[in-house]
Amino acid sequence: MKFRKDRLRSNLVECFSFLHISFDAGTEIVLYLKQFSDEMKRYSPDISNAEDSIRSRFKDVTESNGINASFSITKNKMWISPDQNLKASVARNRLVSLLVASDNIEFWNNDNACGHSQSTEKYNKLVKTIPFTSDFFFRQLFDTDTSTYTYLLADLNTKEAVIIDPVLEQAKRDAQLVKELGLTLKYALNTHMHADHVTGTGYLKRLLPGTQSVIAKFSGAKADKHLDDNEIVQFGRHKIEAICTPGHTNGCMSFIVHEQGLVFTGDALLIRGCGRTDFQEGSAEKLYSSIHDRIYKLPNNFQVYPAHDYKGQLASTIIEEKTYNPRLTKDKPTFINIMNNLNLAKPRYIDKAIPANRECGLYDIPPDA
Ligand SMILES: N[C@@H](CCC(=O)N[C@@H](CS)C(=O)NCC(=O)O)C(=O)O
Ligand SMILES: [Fe+2]
């Protein structure tokens, strides 16, 4: 059963009170099913068995996302007890964000708003993002020459780390940071085969032996590990889901850390912009679908971390981009027209970067490693 869409509650906390979920002592969450389903029926009168749907869907969503929670259902209440290590606030945000993200439970508001741009106008864009769990490490790094962001993520208990989109010229800096923090670099991931800089992957493999290079199967680049759509990459207990978001290149992927409410969008979705589609296997049409059908299906409060920013912006959220991205608030034909008429100069390092990145950076790396 599909509930109708509610973009009314983009703010997770608001959404939460709307759902009438509240806490008992400890980590227990009580979902007041009766009130919730009454509320649902108010917005969506055709729902007959709202309670059953909510119960079964909630269970599916938590189980398929690896949340250990026990359920007990009384007449009007569903008691959800997440595993003991989960703080109540984290559990609440996580469950609600998963619920909101799920395909089959969508909410509906009374103004019938469902389209991309017009409906978002009414939302609260200032969303509460999901707090990181206490065992999650996140660091954003920057290469000023190519305006590239690199991200270091780690499990603070096991010390296993991954790096996303490292840059050759910054590999020594990144390796030093990994060592100083006492981390072990498991994977160097690339969101795509970059055209504007040489990846630091190959050099990091030398500087930090044991590191494995990772890129999309469809990238056409060599690597130790090739990712398929929806494949999971694990470091410690943390998980990244890789999803295909082609358009800038065929092999572009976005990396999602569901639990922390993060998505690394590479050069698919940039802050108030997007990757160009005029070289490699660029396709404005594919990019439009990747963003609308994949990235925008994430919860509104997920934080967006791109591979580049040329204006000093560090991060965004799904709802901000849905609302303010000047290209992606346009309809598809207009978007395609914009993208096909950007007339950008080719990236300065393209002739060096593409052959090097096809070897995942192992080509011509500095001899002093
Ligand atoms: N001026 C930069 C341009 C880099 C560039 O074209 N970057 C690509 C990503 S590989 C892009 O999509 N840029 C989006 C934009 O410039 O709006 C350079 O020469 O490196
Ligand atoms: Fe790129």
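Residue numbering for the sequence shown follows my numbering, starting at 165 and increasing by one per position. C-beta: ideal position from N, C-alpha, C; glycine also.
Selected residue, minimal CA-CA separation from residue i, among the options
i: residue 515; options: 421, 407, 458 and 357; result: 357
i: residue 315; options: 487, 485, 461 and 428; result: 428
i: residue 452; options: 475, 413 and 464; result: 413
i: residue 355; options: 331, 437, 509 and 345; result: 331
i: residue 342; options: 454, 303, 494 and 499; result: 303
i: residue 345; options: 364, 320 and 369; result: 320
i: residue 294; options: 466, 490, 450 and 502; result: 466
i: residue 522; options: 347, 313, 296 and 366; result: 366
i: residue 431; options: 509, 424 and 448; result: 448
i: residue 347; options: 291, 373 and 364; result: 373
i: residue 510; options: 392, 444, 377 and 364; result: 444
i: residue 489; options: 502, 435, 505 and 527; result: 435
i: residue 501; options: 474, 376, 389 and 441; result: 441
i: residue 483; options: 433, 530, 387 and 305; result: 433
i: residue 526; options: 385, 349, 313 and 292; result: 385
i: residue 512; options: 291, 311, 503 and 524; result: 311
i: residue 394; options: 419, 504 and 481; result: 419
i: residue 336; options: 317, 305 and 318; result: 305
Per-residue DSSP class, three states only, for residue i
i: residue 342; result: helix
i: residue 276; result: The predicted position of residue 276 is uncertain, since its pLDDT is 28 and thus under 50; no value can be drawn from it.
i: residue 497; result: helix
i: residue 303; result: strand
i: residue 308; result: coil
i: residue 319; result: strand
i: residue 383; result: helix
i: residue 451; result: helix
i: residue 376; result: strand
i: residue 518; result: helix
i: residue 531; result: coil
Distance between residue j and residue i (C-alpha atoms, nearest Å)
i: residue 417; j: residue 532; result: 32 Å
i: residue 324; j: residue 298; result: 15 Å
i: residue 479; j: residue 471; result: 10 Å
i: residue 370; j: residue 407; result: 28 Å
i: residue 400; j: residue 350; result: 10 Å
i: residue 290; j: residue 464; result: 10 Å
i: residue 446; j: residue 458; result: 17 Å
i: residue 529; j: residue 437; result: 32 Å
i: residue 497; j: residue 382; result: 26 Å
i: residue 562; j: residue 390; result: Because the chain spans 165 through 533 in this model, residue 562 falls outside it and cannot be assessed.
i: residue 504; j: residue 313; result: 26 Å
Contact check, residue i vs residue j, beta carbons under 7 Å
i: residue 380; j: residue 415; result: yes
i: residue 520; j: residue 362; result: yes
i: residue 359; j: residue 327; result: no
i: residue 486; j: residue 460; result: yes
i: residue 404; j: residue 421; result: yes
i: residue 455; j: residue 492; result: yes
i: residue 334; j: residue 307; result: yes
i: residue 424; j: residue 301; result: no
i: residue 376; j: residue 392; result: no
Can you list the beta strand (DSSP E) stretches of 3 or more residues lying completely in the stretch 397-431, in chain order?
402-408, 417-421 and 426-430
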